[in-house]
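Participant: I am attaching a structure below and will ask some questions about it afterwards.
Protein chains in written order, with the working numbering: chain B, 2 to 294; chain P, 2 to 294.
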């Protein structure tokens, strides 16, 4: 990883995490519910989405205080979706990132409710931010579209259908644009809102986010084949074993790598249209296509 | 039921329901997800919460257009909570109001996601209303607190705990103030926001809502004992059979009826402090304590 990006991640990740925990700790709610919410927030992950919000503020040289809060909100939504995805009625996973999944520790009922509470809290935190009402309502609206039936939840529904039959490339792309892409796009777009980016800049940043979201997913599919269980922190080869619709399954491994390069190039080309030094987002793109886990 | 209230309910319920369905129909999402969301919205119920929003606007002689939308939003939240409550991991109910529950028709996975999508959509609809950004953000904030860990979801967690041991009266009241009371309070309070009620009027209306919420729950507990399965549309005597913590269990049936009368009287007394003709809310209170289902 590039040194600038490494420093950026190391510098900001602790505050992203501290902000999330503090936002849950301060609510008045049953202790076991809060514990279950925090358990999954603490289960780790790369915090890519909050770091994307921060990266946009960095680009504009703006103060990052609000970005930590929006980043924490995004991680709440991402975490609730993982808790619900892991339930026996969906993916039925016992472990995530080497830790027991929420329902294995707290039971299916409380896990469902912890997810619900994180989803709902995310919108409340946005509503209480120290921003103009217009900006807050714009963030609430964008997040609702990104996270709901028109975005992440809808993508998850399509993904479940895709387990029953082989998807074609258009359908597969549609799954990922929604399931993982929508929240990633919100990360970048919310950063643009906070940074007062012009409409043109915002459209460019969203274009970057679209391609980075797809590149992220393609690299995930490639790593399932090329990565080892140790590197990944999850069982390698699971997609192939379950005959899941993936980019390598549809395009061959080489074809998937070409597709990955294509989206990477589109993302970089988008940034070149910005009249701002976007090196941090360029480095993020390189990291995403070269990552080993 | 009083004739004025009967007319009010008959006049407004169809538009409450039409608004809900239209708000879901217009989103771009997988067809089976939308179908599952609409299935449970259409499963009926008294639409008490939306009618409360409308009643507050009626009180102030204000236009009800916005209240139909806020009412639909509340019904989305109420419906998502029922879908999740009915899941095998929670109450494991196969029927609600004589219809198969969502997961019995669509499976546990899609039912969970339909609930998630309704929860998320509710906030998006508020964000897109034709109101000042300040009012929209106030509604988002109030709803997030009412529906989340600090309100409805938190109450549901306490309720599950209460199935494991006998609660005392303070604990039981705490469950209901959150599990059902918080969303009912939001119904009244959102009406006050839309009607531009003064802070004093709003506090009085919230006081009314607090007592009506508890009265509603106590009458529910009483009906479980005194009602028949036909009248209720659900199995009578279920609470007693499952040794659930209820008002009659803690206070005897007569004691519960006294408590019901007490909260009814408090609700009516609150209304008398308003310098507005609140007959519609008085009639609502009478209906709630005398209802047979």
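No residue lacks a Cβ here, since even glycine has one placed at the ideal position from N, Cα and C.
Work out the CA separation of residue 185 of chain B and residue 245 of chain B for me, nearest whole Å.
Facilitator: Translated into the one-based positions of the first chain, residue 245 of chain B becomes position 244. Translated into the one-based positions of the first chain, residue 185 of chain B becomes position 184. When rounded, the distance between both Cα atoms is 23 Å.
Participant: Mapping DSSP to helix, strand and coil, what is residue 97 of chain P?
Facilitator: Position 96 of the second chain, counted from the first residue, corresponds to residue 97 of chain P. Residue 97 of chain P: strand per DSSP, three-state reduction.
Participant: Let me know the secondary structure DSSP gives residue 179 of chain P once reduced to three states.
Facilitator: Numbered from its first residue, the second chain carries residue 179 of chain P at position 178. Residue 179 of chain P: helix per DSSP, three-state reduction.
Participant: Taking the CB atoms as reference points, tell me whether residue 92 of chain B and residue 86 of chain B lie closer together than 7 Å.
Facilitator: Residue mapping note: residue 92 of chain B aligns to position 91 of the first chain, counting from 1. Residue mapping note: residue 86 of chain B aligns to position 85 of the first chain, counting from 1. Yes, the pair counts as a contact, with Cβ atoms nearer than the cut-off.
Participant: Can you find at least 3 beta carbon pairs, one from the segment 134-148 of chain P and one from the segment 168-178 of chain B, that sit closer than 8 Å?
Facilitator: Judged by Cβ distances under 8 Å, the segment 134-148 of chain P makes no contact with the segment 168-178 of chain B, as fewer than three pairs qualify.
Participant: With 7 Å as the limit, tell me which residues of the segment 157-181 of chain P have their beta carbon closer than that to any beta carbon of chain B; keep them in chain order.
Facilitator: Answer in chain order: 157, 158, 159 and 161.
Participant: Do the CB positions of residue 109 of chain P and residue 90 of chain B come within less than 7 Å of each other?
Facilitator: If you number the second chain from 1, residue 109 of chain P lands on position 108. If you number the first chain from 1, residue 90 of chain B lands on position 89. Their beta carbons are under 7 Å apart, which means residue 109 of chain P touches residue 90 of chain B by this criterion.
Participant: Can you pull out the residues from the segment 136-150 of chain B whose beta carbon lies closer than 7 Å to at least one beta carbon of chain P?
Facilitator: Per Cβ criterion, the list reads 137, 138, 141, 142, 145, 146, 148, 149 and 150.
Participant: Rounded to whole angstroms, how far is the Cβ of residue 261 of chain B from the Cβ of residue 219 of chain B, which I believe are closer than 8 Å?
Facilitator: Taking the first residue of the first chain as 1, we reach residue 261 of chain B at position 260. Taking the first residue of the first chain as 1, we reach residue 219 of chain B at position 218. With a Cβ gap of about 4 Å, residue 261 of chain B and residue 219 of chain B count as contacting.
Participant: Use the C-beta contact count for residue 97 of chain P: other C-beta atoms within 10 angstroms, 16 or more gives buried, fewer gives exposed.
Facilitator: In the second chain, counting from the first residue as 1, residue 97 of chain P sits at position 96. Under this definition residue 97 of chain P is a buried residue.
Participant: First and last residue of the alpha helix (DSSP H) that includes residue 283 of chain P?
Facilitator: Position 282 of the second chain, counting from 1, holds the residue named residue 283 of chain P. 280-291 is the span of the alpha helix (DSSP H), which, as asked, contains residue 283 of chain P.
Participant: Sorted by chain position, which residues of the same chain lie with C-beta nearer than 7 Å to residue 267 of chain B's C-beta, five sequence neighbours on each side aside?
Facilitator: Residue numbering aside, residue 267 of chain B sits at position 266 when the first chain is read from its first letter. These residues qualify, in order along the chain: 212.
Participant: Closer than 7 Å, CB to CB, is residue 130 of chain P near chain B or not?
Facilitator: As a position in the second chain, residue 130 of chain P is number 129, starting the count at 1. False, the Cβ-Cβ gap to chain B never drops below 7 Å.
Participant: Just to confirm before moving on: does the CB-CB distance between residue 216 of chain P and residue 264 of chain P stay below 7 Å?
Facilitator: The residue labelled residue 216 of chain P in the question sits at position 215 within the second chain. The residue labelled residue 264 of chain P in the question sits at position 263 within the second chain. It is a contact, given that the beta carbons lie within the stated cut-off.
Participant: Please state whether DSSP places residue 90 of chain B in a helix, a strand or coil.
Facilitator: Here the question's residue 90 of chain B lines up with position 89 in the first chain. Residue state, collapsed to three classes: coil.
Participant: Cα-Cα, which of P:129, P:247, P:70 and P:117 is closest to residue 148 of chain B?
Facilitator: On the first chain, position 147 is the one that residue 148 of chain B refers to. It is P:117 whose Cα lies nearest to the Cα of residue 148 of chain B.
Participant: In whole angstroms, give me the CA-to-CA distance for residue 233 of chain B and residue 292 of chain P.
Facilitator: Start at 1 with the first residue of the first chain, and residue 233 of chain B comes out as number 232. Start at 1 with the first residue of the second chain, and residue 292 of chain P comes out as number 291. Near 59 Å, if we compare the C-alpha coordinates of residue 292 of chain P and residue 233 of chain B.
Participant: Would DSSP call residue 65 of chain P helix, strand or coil?
Facilitator: On the second chain, residue 65 of chain P is found 64 positions in, with the first residue counted as 1. Residue state, collapsed to three classes: coil.
Participant: Please decide whether residue 2 of chain P counts as near chain B, where near means a Cβ-Cβ distance under 7 Å.
Facilitator: Position 1 of the second chain, counted from the start, is the residue given in the question as residue 2 of chain P. So no, residue 2 of chain P is outside the interface.
Participant: Cα-Cα, which of B:47, B:204, B:39 and B:272 is closest to residue 10 of chain B?
Facilitator: By one-based count along the first chain, residue 10 of chain B stands at place 9. Answer by Cα proximity: B:47.
Participant: For a contact meaning CB atoms closer than 7 Å, what does residue 114 of chain B contact in chain P?
Facilitator: As a working mapping, residue 114 of chain B is identified with position 113 in the first chain. Within 7 Å Cβ-Cβ: 154, 157 and 158.
Participant: Can at least three beta-carbon pairs, one atom from the segment 67-82 of chain P and one from the segment 16-35 of chain P, be found at a separation below 8 Å?
Facilitator: The segment 67-82 of chain P is in contact with the segment 16-35 of chain P.
Participant: Determine whether the Cβ of residue 121 of chain P lies closer than 7 Å to any Cβ atom of chain B.
Facilitator: Residue numbering aside, residue 121 of chain P sits at position 120 when the second chain is read from its first letter. Yes, because at least one Cβ of chain B sits closer than 7 Å to the Cβ of residue 121 of chain P.
Participant: Going along chain B in order, which residues have a C-beta closer than 7 Å to the C-beta of residue 124 of chain P?
Facilitator: The residue labelled residue 124 of chain P in the question sits at position 123 within the second chain. Ordered by position in chain B, the residues that pass the 7 Å Cβ test against residue 124 of chain P are 124, 141 and 145.
Participant: List the residues of chain B whose Cβ lies closer than 8 Å to the Cβ of residue 35 of chain P, in chain order.
Facilitator: Counted from its first residue, the second chain places residue 35 of chain P at position 34. By Cβ distance, chain B contributes 150.
Participant: When the cut-off is 7 Å and only beta carbons count, does residue 110 of chain P lie next to chain B?
Facilitator: By 1-based counting over the second chain, the position of residue 110 of chain P is 109. It does: the Cβ of residue 110 of chain P has a partner Cβ on chain B nearer than 7 Å.
Participant: Looking only at its own chain, which residues have a Cβ that is under 7 Å from the Cβ of residue 143 of chain B, when we skip the five neighbours before and after it?
Facilitator: Your numbering for residue 143 of chain B matches position 142 in the first chain. Excluding positions up to five away in sequence, the list reads 187, 190 and 191.
Participant: Mind checking the segment 74-91 of chain P against chain B and listing, in chain order, the residues whose C-beta falls within less than 9 Å of any C-beta there?
Facilitator: Answer in chain order: 78, 81, 82, 85, 88, 89, 90 and 91.
Participant: Quick check on residue 102 of chain P: buried or exposed, where buried means 16 or more other Cβ atoms within 10 Å of its Cβ?
Facilitator: Residue mapping note: residue 102 of chain P aligns to position 101 of the second chain, counting from 1. The residue is buried, with at least 16 neighbouring Cβ atoms inside 10 Å.
Participant: Relative to the alpha-carbon of residue 182 of chain B, which residue among B:53, B:100, B:65 and B:127 has its alpha-carbon at the smallest distance?
Facilitator: Within the first chain, residue 182 of chain B is the residue found at index 181, counting from 1. When only C-alpha atoms are compared, the closest one is B:53.
Participant: Provide the residue span of the alpha helix (DSSP H) that contains residue 203 of chain B, from first to last.
Facilitator: Against the first chain, residue 203 of chain B aligns to sequence position 202. Here the alpha helix (DSSP H) through residue 203 of chain B covers 200-227.
Participant: By Cβ distance below 7 Å, which residues in the same chain neighbour residue 24 of chain B in space, the five residues on each side in sequence not counted?
Facilitator: Mapped onto the first chain, residue 24 of chain B falls at position 23. Within the same chain, residue 24 of chain B has close Cβ partners 73 and 126.
Participant: Enumerate in chain order the residues of its own chain whose CB-to-CB distance from residue 59 of chain B is below 6 Å, with the five nearest sequence positions on each side excluded.
Facilitator: One-based indexing of the first chain puts residue 59 of chain B at position 58. Here the set comprises 281.
Participant: Do we get a CB-CB distance below 7 Å when we pair residue 70 of chain B with the residues of chain P?
Facilitator: Reading the first chain from its first residue, position 69 is the one you call residue 70 of chain B. No, residue 70 of chain B does not count as interfacial toward chain P.
Participant: Helix, strand or coil: how does DSSP classify residue 277 of chain P here?
Facilitator: Translated into the one-based positions of the second chain, residue 277 of chain P becomes position 276. Correct three-state label for residue 277 of chain P: coil.
Participant: Flag this pair as yes or no: are the beta carbons of residue 57 of chain P and residue 271 of chain P separated by less than 7 Å?
Facilitator: Here residue 57 of chain P refers to the residue found at position 56 of the second chain. Here residue 271 of chain P refers to the residue found at position 270 of the second chain. It is not a contact, given that the beta carbons lie outside the stated cut-off.
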